[in-house]
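Read the structure below first, then the notes.
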Amino acid sequence: MTIQKLSKQLTEKQFRHYYYLKEDLISFCRQEHLQTTGSKQELTDRIAHYLTTGERQTVQRFSKKNTRTAIRLSEQIEENIVCSEIHRAFFKEQIGPQFSFNVLFQKWLKQNAGKTYEEAVTAYQEILAQKKAKPTQIAQQFEYNAYIRSFFAANKGRKLSEAITCWNYKKTQPGSNEFEIQDMEILKEGGE
1 MTIQKLSKQL TEKQFRHYYY LKEDLISFCR QEHLQTTGSK QELTDRIAHY
51 LTTGERQTVQ RFSKKNTRTA IRLSEQIEEN IVCSEIHRAF FKEQIGPQFS
101 FNVLFQKWLK QNAGKTYEEA VTAYQEILAQ KKAKPTQIAQ QFEYNAYIRS
151 FFAANKGRKL SEAITCWNYK KTQPGSNEFE IQDMEILKEG GE
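In the UniProt record's numbering, the protein residues as written are 1 to 192.
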């Protein structure tokens, strides 16, 4: 298995054709004096821009100090909510110790500033019910998770170690990082 080394000689197309770990992207950013903060997708886009234009993009992030100390059911959800430990404690108290923030609920909170926290508790329970009814779509930056889910959907009864072997092979290959049935060939070649 060969891995395409990340270098500034790559074109954007070549770069986007391969899979890189987030730490590889951060290392490249440090080497090229690019900003190293942000999600894997933001780093990927920043490097792609740099490979295309040679420009070093910077993103200003502003954090707002959260001064909230307690939350009541009747209070309104604030604009630009940041899910803090105070919020977590509140929801655990209202919903139970099994509460955890998930992407859909965080989106709901951000999109529903002005509604009450009581409505948020109800929304959380509805989101959980919907999640149980159908699996959520895995965000683009979680390629490994999406690959493993697709592997098991196509190969019921196979082992996680086999899925990981196929993933490790797949990420060294150019092109899509989505599971394809021909990825199973690596298991026949003794890759397991």
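For glycine and all other residues, C-beta sits at the position ideal for the given N, C-alpha and C. This structure is a prediction, so every number in the text was calculated from the model and none was measured.
- Following the DSSP letters along the chain, one finds Cys29 inside the alpha helix (DSSP H) bounded by residues 22-31.
- Taking 8 Å as the cut-off, the beta carbon of Leu25 is found closer than this to the beta carbon of Ile47.
- The DSSP-derived three-state label of Thr116 is strand.
- For Gln106, the three-state secondary structure derived from DSSP is helix.
- With a threshold of 16 other beta carbon atoms within 10 Å, Leu73 falls short and is exposed.
- For Tyr18, there is no enclosing alpha helix (DSSP H), since its DSSP letter is neither H nor E.
- Residue pairing by DSSP places Gln76 opposite Thr116 in a beta bridge.
- A Cβ-Cβ separation of about 16 Å leaves Leu34 out of contact with Arg16 under the 8 Å criterion.
- In the three-state reduction of the DSSP assignment, Lys156 falls in the coil class, being assigned neither a helical nor a strand state.
- Assignment of Cys166 by DSSP, reduced to helix, strand and coil, places it in the helix class.
- As the crow flies, the alpha-carbon of Gln31 is around 14 Å from that of Gly54.
- Residues of the same chain with a CB within less than 6 Å of the CB of Leu104, apart from the 5 flanking positions on each side, are Ile127 in chain order.
- Annotation for Asp45: the continuous alpha helix (DSSP H) segment containing it runs 40-53.
- The C-beta separation of Asn102 from Ile77 comes to about 16 Å, leaving the pair out of contact by the 8 Å criterion.
- With contacts defined as CB atoms closer than 8 Å, Ala154 and Ile181 qualify as a contacting pair.
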